[in-house]
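Trainee: Quick one: the structure is below, questions incoming.
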Amino acid sequence: MAPPAAGRRGRRGVPRRLTNVGLLLVLAAVLLTGVGSWLVTEPVQRWLVVGHGVGGLLVVLLVRWKAPVVRSGWSRSRRSRWASAALAVLTVLALLTGVLHSTGLATAAAGQLMMWWHVAAGLVLLPLLAWHAVSHRQRVRRTDLDRRLLLRGGGLVALAGLAWVALEGVVRLADLPGARRRGTGSYASDLPRPTIWLSDRVPDVDPDAWRLTVSGVAGVQRLSLAELRERPTTTVRAVIDCTSGWYSDQEWTGWPLRDLLGPPAAGGSVVVRSATGYSRRLGPDELDGVLLAHAMAGRALPTSLGAPLRLVVPGRRGFWWVKWVDRVELDDRPAWWQPALPLQ
Ligand SMILES: Nc1nc2c(c(=O)[nH]1)N[C@H]1C(S)=C(S)[C@@H](COP(=O)(O)O)O[C@H]1N2
Ligand SMILES: [Mo]
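Throughout the sequence shown, residue numbering follows this note's numbering, covering 613 to 956 in sequence.
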């Protein structure tokens, strides 16, 4: 039997399946711009952060269309409705923590930064969203996408853009803390906050027994910290900017990775490994200003911040700044031969 030509229509005659698909697309774009902003450098980073904010406000605007869909879905009492409700609650939490963080009205809660909660809500939401989209599959018809609807969609995007400008304007006029964020959205911190990416652990560090294995152009060397200290150091000023919403502008002193290893082959990479197994890979053209640092602001690093040696990667987000480094090596495989984000 052919489906009815019109389908179920909701608010202002917009087919409900279009509301659902539209919201799904916007949420996908919001997740992609959010995580995507961690992976790129300026100036793209800044624009993804702006797009992420506009997308979040677009979700808020779409609530008016989604609400009737939710209401009728709820009363049809699917067994899965509690999972859908959890998805709704997480979406509201993600929006709320996003607004609280970006305005600065509240930048921490229950011992974690607001951005940490924002990311946590977003990541838990992801599998629920995927499940919800699959279990409530929608078929968009070609006749759905008429000119009027496309215009209305464009209008909503423009409205979300205006709302973003208005919100930023209020933050600035009222001089809320949110006005003093970096392009990444992070807030200044006098000192870096000791941060674990996912499940890594601070290792036992014995500076006397520590050896840095250098596998470079000149072969394999195992250097003690004393031997390393005989080499000339460089100091760079660089901002460490964690995806949990803080940054710290510091002077870092140590040894340029390029000097230690020699240049990687074109198409190859440098692998920087922590004693914990946490590692990152950098390409030949990504080594400018990259140091293995032993000191920050003229003082030896504390263990929590990566002593005895930590990577400094100017321009890259915090997860690149490998702590407790005990091995650096040239490798034939390219820099993209790694998970886009660390897994530990
Ligand atoms: N070995 C290791 N290095 C790591 C991490 C980690 O969990 N393990 N966390 C990273 C993250 S997410 C950040 S933001 C910075 C934090 O550096 P800090 O603890 O010195 O502030 O270290 C990075 N280096
Ligand atoms: Mo981080």
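Virtual Cβ for every residue (Gly too), placed ideally from N, Cα, C.
1. Going by DSSP in three states, S881 sits in which element: helix, strand or coil?
2. Which residues in the same chain have their Cβ closer than 7 Å to the Cβ of V672, if we skip the five residues on either side of it in sequence?
3. Go ahead and label G680 buried or exposed: buried means 16 or more other beta carbons lie within 10 angstroms of its beta carbon, across all protein chains shown.
4. Tell me whether the beta-carbon of V851 lies closer than 9 Å to the beta-carbon of R794.
5. With DSSP as the reference, label A810 as helix, strand or coil.
6. Quick one: grab the DSSP three-state call for E941.
7. Helix, strand or coil for L717, going by three-state DSSP, please let me know.
8. On the criterion of 16 or more Cβ atoms from any shown chain inside 10 Å, does Q982 qualify as buried, or is it exposed?
9. Using the Cβ count rule (16 or more neighbours within 10 Å means buried), how would you classify W936?
10. When the Cα of L872 is compared with those of D861, L824, G880, which residue comes out closest?
11. Within 10 Å of its beta-carbon, does G910 have 16 or more other beta-carbons around it, so buried, or fewer, so exposed?
12. With DSSP collapsed to three states, give me the class of L768.
13. How is the beta strand (DSSP E) around Q750 delimited, first residue to last?
14. Please classify A733 as buried or exposed, where buried requires at least 16 neighbouring CB atoms within 10 angstroms.
15. Measuring CB atoms only, is the region 795 to 802 touching the region 851 to 864, in the sense that at least three cross pairs come out at less than 8 Å?
16. Taking only three categories from DSSP, how would you classify W948?
17. What do you reckon, is the C-beta of G857 under 8 Å from a heavy atom of ligand 1?
18. Pick helix, strand or coil for P627, following the three-state DSSP scheme.
19. Out of D802, D900, V642, which has the shortest C-alpha to C-alpha gap to V848?
20. Shorter than 8 Å, the distance from the beta carbon of T845 to the closest heavy atom of ligand 1, or not?
21. Who are A850's beta bridge partners in DSSP?
22. Would R939 pass as a contact of S827 if the rule is Cβ separation under 9 Å?
23. Taking the DSSP output, what are the residues bridged to A907?
24. In the DSSP assignment, what residue or residues form a beta bridge with V826?
25. For the alpha helix (DSSP H) holding R691, just list the boundary residues, first then last.
26. Just grab the DSSP bridge partners of L894 for me.
27. Out of N632, A742, D756, P868, point me to the one whose CA is closest to V924's CA.
28. Leaving aside the five residues before and after V661 along the sequence, list all residues of the same chain whose C-beta is less than 7 Å from its C-beta, in chain order.
29. Excluding the five sequence neighbours on either side, which residues of its own chain have a C-beta within less than 8 Å of the C-beta of W864, listed in chain order?
Mentor: Put simply:
1. strand
2. L707
3. According to the sequence provided, residue 680 is Pro. The question's Gly does not apply to it. The residue in question, P680, is exposed, as its Cβ has fewer than 16 Cβ neighbours within 10 Å.
4. yes
5. It is Leu, not Ala, that sits at residue 810 in the sequence shown. Coil, per DSSP.
6. strand
7. coil
8. The structure shown does not extend to residue 982, since the chain is modelled only from 613 to 956, so the question has no answer here.
9. buried
10. L824
11. exposed
12. helix
13. From DSSP, Q750 is part of no beta strand (DSSP E); its letter is neither H nor E.
14. buried
15. yes
16. coil
17. no
18. strand
19. D900
20. no
21. Q862
22. yes
23. T865, A912
24. Q833, V940
25. It is not in any alpha helix (DSSP H) - R691 carries neither H nor E in the DSSP assignment.
26. V882
27. P868
28. S649, G795, T796, G797
29. T847, V848, R849, A850, L903, A905, A907, M908, V924
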